[in-house]
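Chemist: Dropping the structure in here first, questions after.
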Amino acid sequence: MEKINEQTENKEKYSLGWFEERAFSSLKKVSDGVFDYSDSLLLYIPGSDEEYEKIQHGGNSYHEMVTTPEREYLERIAKDIVARLPDDFEYIDLGPGSAHKEQCLFNKLAKQGKKCVYRPVDISEKFLDMATSHAEKQNITAEPIRASFEELPEILEKTNTPRFVSLGLTYSNYKPQEILKLLANIADSSGYVFINSQIRERVDVERLADIYGKDVVSIATAKLKLLGLDAEVDVENLHANESIEMWCTLKRVTPRLAEIGLKVGDKILLFQSLRPSLEKLKQDLDEAGFGDYTIFDIGESFVGVLLEKPLQNENRKK
Numbered sequence: 005m006e007k008i009n010e011q012t013e014n015k016e017k018y019s020l021g022w023f024e025e026r027a028f029s030s031l032k033k034v035s036d037g038v039f040d041y042s043d044s045l046l047l048y049i050p051g052s053d054e055e056y057e058k059i060q061h062g063g064n065s066y067h068e069m070v071t072t073p074e075r076e077y078l079e080r081i082a083k084d085i086v087a088r089l090p091d092d093f094e095y096i097d098l099g100p101g102s103a104h105k106e107q108c109l110f111n112k113l114a115k116q117g118k119k120c121v122y123r124p125v126d127i128s129e130k131f132l133d134m135a136t137s138h139a140e141k142q143n144i145t146a147e148p149i150r151a152s153f154e155e156l157p158e159i160l161e162k163t164n165t166p167r168f169v170s171l172g173l174t175y176s177n178y179k180p181q182e183i184l185k186l187l188a189n190i191a192d193s194s195g196y197v198f199i200n201s202q203i204r205e206r207v208d209v210e211r212l213a214d215i216y217g218k219d220v221v222s223i224a225t226a227k228l229k230l231l232g233l234d235a236e237v238d239v240e241n242l243h244a245n246e247s248i249e250m251w252c253t254l255k256r257v258t259p260r261l262a263e264i265g266l267k268v269g270d271k272i273l274l275f276q277s278l279r280p281s282l283e284k285l286k287q288d289l290d291e292a293g294f295g296d297y298t299i300f301d302i303g304e305s306f307v308g309v310l311l312e313k314p315l316q317n318e319n320r321k322k
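As structure tokens, then:
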């Protein structure tokens with residue numbers, strides 16, 4: 005992952021100004037007339053907490069098709085995940101949100117005589133407070149970290165305690181090779197990484213694209229404001245395709261966008277939540293050099309993967 009540029013770092017961390025600078029620095033030209041603006045962190049700008057919670061908890065189609073089946077899946081495999089973890093470990097929970105999916109693992113720890121220090125990681129103080137309080141009510145030591153994911157390899161101190169790094173479905177928001185490399189670096193040489201993905205051939209992707217275009221669009225379009233754009237006036241053809249990528253086309257360009265090369269008619273990738281085939285998921289893991297992993301496939305739309313000691317594999321690509 006590329007480091008935030010110096011101009012961004014000079015802003016008060018996680019202020020609106022900080023997000024605005026990161027937004028402009030994250031724009032990457034993919035080809036003529038096409039720009040990548042899919043930086044996942046920019047979905048969590050100040051004030052977006054309420055919209056995110058509505059999606060996670062409301063009686064909407066996203067909750068029915070994504071949140072509920074993911075939670076049910078995690079509950080079914082949690083026992084097998086915990087069984088593969090050491091007796092004492094650090095639980096690095098990347099982006100805990102508000103659905104408390106970590107509870108699936110908490111429920112199995114005591115039963116298997118294991119314990120952890122729970123370390124939720126988020127840039128939202130609200131979600132960090134929620135996750136910390138939830139763990140401490142169960143007498144689980146919690147040490148929240150307010151940081152972006154790419155900062156963690158530098159922030160985390162060296163420890164002899166193995167790390168269990170959990171990302172979940174947020175894995176799908178990133179380019180596979182970039183996020184897998186980052187997760188391996190966070191876990192370090194004695195750690196474990198867990199990801200899960202919703203499998204393309206096991207879900208109605210046409211319906212899912214429609215759901216993202218309706219229920220998730222409010223969070224994705226908030227990113228446009230960081231660029232000085234109004235989603236209702238300055239862009240058109242705002243939609244999610246069957247790859248679960250959200251795109252728009254520019255109708256107006258601000259002076260600052262023009263300075264960095266954008267023009268009317270250019271297409272912008274706002275957000276992605278990719279749904280790979282099972283074969284593609286395995287290919288991505290193999291390409292990243294992970295030979296030592298366990299796939300938890302119980303025939304549902306979600307499939308999880310536990311990567312064990314990811315940096316000890318000599319074949320892992322740099």
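Using our numbering, read the sequence shown as starting at 5 and increasing by one per residue.
Using N, Cα and C, we set each Cβ at its ideal position, and we do this for glycine too.
1. Return the CA-CA distance between E312 and D296, expressed in angstroms with no decimal places.
2. Verify whether the separation of the beta carbon atoms of V237 and L254 is less than 9 Å.
3. For T145 and A139, I'd like the C-alpha separation in whole angstroms.
4. In angstroms, rounded to a whole number, what distance separates the CA positions of S44 and N177?
5. Helix, strand or coil for D238? Go by DSSP, reduced to three states.
6. Could you please give the first and the last residue of the uninterrupted beta strand (DSSP E) stretch that includes K119?
7. Quick check: I96 and L230, are their CB atoms within less than 9 Å of each other?
8. Name, in chain order, the residues that DSSP records as bridge partners for L273.
9. Taking DSSP as the reference, what is the three-state secondary structure of I49?
10. According to DSSP, what are the bridge partners of S170?
11. Which same chain residues end up closer than 6 Å to P148 when comparing Cβ atoms and leaving out the 5 residues on each side of it in sequence?
12. Looking at C-alpha atoms only, which residue of C252, R80, V209 and D192 is the closest neighbour of L273?
13. Okay, do the segment 261–270 and the segment 153–160 touch, 3+ Cβ pairs below 8 Å being the bar?
14. Assuming E74 and L173 form a contact by the criterion Cβ under 8 Å, report the distance between their Cβ atoms to the nearest whole angstrom.
15. How long is the line joining the alpha carbons of N319 and L20, rounded to whole angstroms?
16. Quick check on D288: buried or exposed, where buried means 16 or more other Cβ atoms within 10 Å of its Cβ?
17. Taking Cβ to Cβ, would you say D86 is nearer than 9 Å to N200?
Modeler: Result, derived from the coordinates:
1. To locate residue 312, count along the sequence shown from 1; it is residue 308. To locate residue 296, count along the sequence shown from 1; it is residue 292. Answer to the nearest angstrom: the Cα atoms are 6 Å apart.
2. Indexing the sequence shown from 1 puts residue 237 at position 233. Indexing the sequence shown from 1 puts residue 254 at position 250. Not a contact, by the Cβ cut-off of 9 Å.
3. Here residue 145 refers to the residue found at position 141 when the sequence shown is read from its first residue. Here residue 139 refers to the residue found at position 135 when the sequence shown is read from its first residue. Cα-Cα distance, rounded: 7 Å.
4. Walking along the sequence shown from the start, residue 44 turns up at place 40. Walking along the sequence shown from the start, residue 177 turns up at place 173. Cα to Cα, S44 sits roughly 6 Å from N177.
5. For the purposes of this step, residue 238 is identified with residue 234 of the sequence shown, where counting begins at 1. In the structure shown, D238 sits in coil (DSSP, three-state: anything other than H, G, I, E or B).
6. Sequence index remark: in the sequence shown, residue 119 carries index 115 (1-based). Taken as a continuous stretch (DSSP letters only), the beta strand (DSSP E) holding K119 covers K119 to D126.
7. Within the sequence shown, numbered from 1, the residue matching residue 96 stands at position 92. Within the sequence shown, numbered from 1, the residue matching residue 230 stands at position 226. Going by C-beta atoms, I96 is not nearer than 9 Å to L230.
8. Reading the sequence shown from its first residue, position 269 is the one you call residue 273. According to DSSP, which records beta bridges pairwise, L273 is partnered with D40 and W251.
9. The sequence position of residue 49 within the sequence shown is 45, counting from 1. Correct three-state label for I49: coil.
10. Along the sequence shown, one-based indexing puts residue 170 at 166. Its beta-bridge partners are D97 and F198.
11. Start at 1 with the first residue of the sequence shown, and residue 148 comes out as number 144. Within the same chain, P148 has close Cβ partners P124, L132 and T136.
12. Translated into positions along the sequence shown, residue 273 becomes position 269. It is C252 whose Cα lies nearest to the Cα of L273.
13. no
14. Here residue 74 corresponds to residue number 70 of the sequence shown, with the count starting at 1. Here residue 173 corresponds to residue number 169 of the sequence shown, with the count starting at 1. So it is a contact: roughly 6 Å between Cβ atoms.
15. If you number the sequence shown from 1, residue 319 lands on position 315. If you number the sequence shown from 1, residue 20 lands on position 16. Note that N319 scores a pLDDT of 43, beneath 50, so its modelled location is shaky; the value from the coordinates is reported in the next line. Going by the C-alpha atoms only, they are around 41 Å apart.
16. Stepping through the sequence shown from its first residue, residue 288 is reached at position 284. By the neighbour-count rule (16 or more Cβ atoms within 10 Å), D288 is buried.
17. The count along the sequence shown starts at 1 and reaches residue 86 at position 82. The count along the sequence shown starts at 1 and reaches residue 200 at position 196. With the sequence shown as reference, residue 86 is identified as Val, and Asp is not the correct amino acid for it. Contact: no.
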